[in-house]
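Right, one structure below, let's go through it.
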Amino acid sequence: MATKVAQVMVLHALTPLHPGSGQSTGIVDLPVQREVHTQFPMVAASGVKGSLRDLAETRASAGEVGWTRDVVETVFGPETANASEGAGALSVTDLRILAFPVRSLQAVFVWVTCPLVLRRLQRDLNLAGKACPDLAVAGPSDEEVVIAGEYRPPLLLEERALQVRKPDKASLAAMDLVAELAPADLRDDLRSKLAIVSDQVFTYFVRHCTQVSARIALNERKTTTGDGGNLWYEETLPPETILYGLLVCSAPRIQRDGWKRGRSAGAVAECVAGLFAERPYIQIGGNETVGQGWCRVNLMRAGDMA
Numbered sequence: 001m002a003t004k005v006a007q008v009m010v011l012h013a014l015t016p017l018h019p020g021s022g023q024s025t026g027i028v029d030l031p032v033q034r035e036v037h038t039q040f041p042m043v044a045a046s047g048v049k050g051s052l053r054d055l056a057e058t059r060a061s062a063g064e065v066g067w068t069r070d071v072v073e074t075v076f077g078p079e080t081a082n083a084s085e086g087a088g089a090l091s092v093t094d095l096r097i098l099a100f101p102v103r104s105l106q107a108v109f110v111w112v113t114c115p116l117v118l119r120r121l122q123r124d125l126n127l128a129g130k131a132c133p134d135l136a137v138a139g140p141s142d143e144e145v146v147i148a149g150e151y152r153p154p155l156l157l158e159e160r161a162l163q164v165r166k167p168d169k170a171s172l173a174a175m176d177l178v179a180e181l182a183p184a185d186l187r188d189d190l191r192s193k194l195a196i197v198s199d200q201v202f203t204y205f206v207r208h209c210t211q212v213s214a215r216i217a218l219n220e221r222k223t224t225t226g227d228g229g230n231l232w233y234e235e236t237l238p239p240e241t242i243l244y245g246l247l248v249c250s251a252p253r254i255q256r257d258g259w260k261r262g263r264s265a266g267a268v269a270e271c272v273a274g275l276f277a278e279r280p281y282i283q284i285g286g287n288e289t290v291g292q293g294w295c296r297v298n299l300m301r302a303g304d305m306a
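Take a look at the structure:
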């Protein structure tokens with residue numbers, strides 16, 4: 001019997017997503033979280049797990065089958081005051097960028113990814129015990145784009161004009177895998193609109209083509225507050241952004257009346273998957289009250305890790 005079972009969680013942003021970093025950078029007062037070494041956008045595991053727990057607690061409060069307070073604490077861990085009882089059965093990784101939407105003159109927008117993202121995806125899937133093809137894609141030059149759809153060259157992405165190159169076997173396998181991981185109704189679009197660009201060009205897009213909005217705080221008369229702090233700039237990941245991470249389930253570590261230690265890691269994985277069986281949506285990040293952070297979830301059983 002497996003002691004750890006992994007699932008791949010893929011998120012498709014339906015509204016702007018603000019996983020705030022809490023540190024201002026330049027003119028942007030509230031930037032998104034980024035990896036320090038690549039500057040790729042990310043969502044910290046702590047925020048992801050908190051959103052999952054909040055969703056589970058909502059289901060438990062509503063009396064949904066399979067979720068009680070005992071189950072929530074078994075899966076996610078006890079409240080802070082009782083943390084010494086043990087850890088929860090669910091471990092969560094950071095969410096990584098998989099495909100980023102970039103506007104295009106020919107196709108409204110296309111999703112871009114790069115060889116580095118694909119190599120990391122392969123490593124993560126191998127860690128999770130999921131078989132996948134070799135994603136060692138030959139990277140295009142900084143002036144090229146690899147895309148399966150029919151587009152008249154050059155393909156205009158933002159202000160860049162890139163020469164179109166047809167995908168080889170490895171690139172097609174990578175595109176098919178990304179499409180397989182995404183929600184079902186996105187798969188055909190991804191196969192024709194997923195573009196592989198160089199690592200350098202991808203880094204440029206995810207650093208400089210996010211959404212930056214000016215926001216203003218108003219007083220009760222609907223005018224500016226006048227205290228010097230009423231205007232700020234906030235960065236978000238645009239709708240259509242696709243991210244992924246791993247959910248790793250182990251056998252329960254703590255004893256609860258509603259969920260005994262004898263349950264398997266697979267039973268915990270089924271319980272977590274049940275969160276999205278009928279309503280595959282979750283809110284992640286800040287600004288929920290202004291509609292941000294709503295994502296569609298595709299959860300896929302990967303394999304046994306141990």
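Residue 148 in UniProt numbering sits at position 148 of the sequence shown, with consecutive numbering throughout. The beta carbon of each residue, even a glycine, is placed where N, CA and C say it ideally should be.
Distance between residue 82 and residue 73, taken at the CA atoms: about 10 Å. Contact between residue 170 and residue 137 holds, since their C-beta atoms are separated by about 5 Å, short of 8 Å. By the Cβ neighbour-count rule, residue 134 is exposed, with fewer than 16 other Cβ atoms within 10 Å of its own. Note that the C-beta distance between residue 49 and residue 92 is below 8 Å.
Residue environment: residue 27 is assigned as exposed (fewer than 16 neighbouring CB atoms within 10 Å of its CB, all protein chains considered).
Taking each of 67, 89 and 286 in turn and checking the Cα distance to residue 3, the smallest one comes out for 89. When the alpha-carbon of residue 214 is set against those of 159, 13 and 29, the nearest one is in 29.
For residue 7, the enclosing beta strand (DSSP E) starts and ends at 4-13.
Residue range 95-104 is occupied by the beta strand (DSSP E) that includes residue 99.
A residue is called buried when at least 16 other Cβ atoms come within 10 angstroms of its Cβ; residue 291 does not meet this threshold and is exposed.
When the five nearest sequence neighbours on each side are left out, the beta carbons in the same chain lying within less than 6 Å of the beta carbon of residue 21 are those of 31 and 33, in order along the chain.
One thing to note: residue 198 has its Cβ no nearer than 8 Å to the Cβ of residue 155. Spanning the alpha carbons of residue 299 and residue 254 requires a straight line of approximately 25 Å. Secondary structure at residue 117: helix, using DSSP grouped into helix, strand and coil. The beta-bridge partner set that DSSP reports for residue 144 consists of 163. Residues of the same chain with a CB within less than 6 Å of the CB of residue 200, apart from the 5 flanking positions on each side, are 142 in chain order. Looking at 55, 68, 153 and 97, the one whose alpha-carbon comes closest to that of residue 11 is 97. Residue pairing from DSSP places residue 283 in a beta bridge opposite 294. In this structure, residue 231 lies away from residue 242, with their beta-carbon atoms at least 8 Å apart. Beta-bridge partners of residue 303 (DSSP): 6. Look at residue 151 here: in three-state DSSP terms it is coil, with no helix or strand label. Remark: C-beta atoms of residue 39 and residue 207 approach each other more closely than 8 Å. Apart from the 5 residues on each side of it in sequence, residue 205 sits with its Cβ closer than 8 Å to the Cβ of 100, 102, 112, 157, 158 and 197 in its chain, given in chain order. The residues 132 and 135, in chain order, have a CB closer than 7 Å to that of residue 122 in the same chain once the five nearest residues on each side in sequence are set aside.
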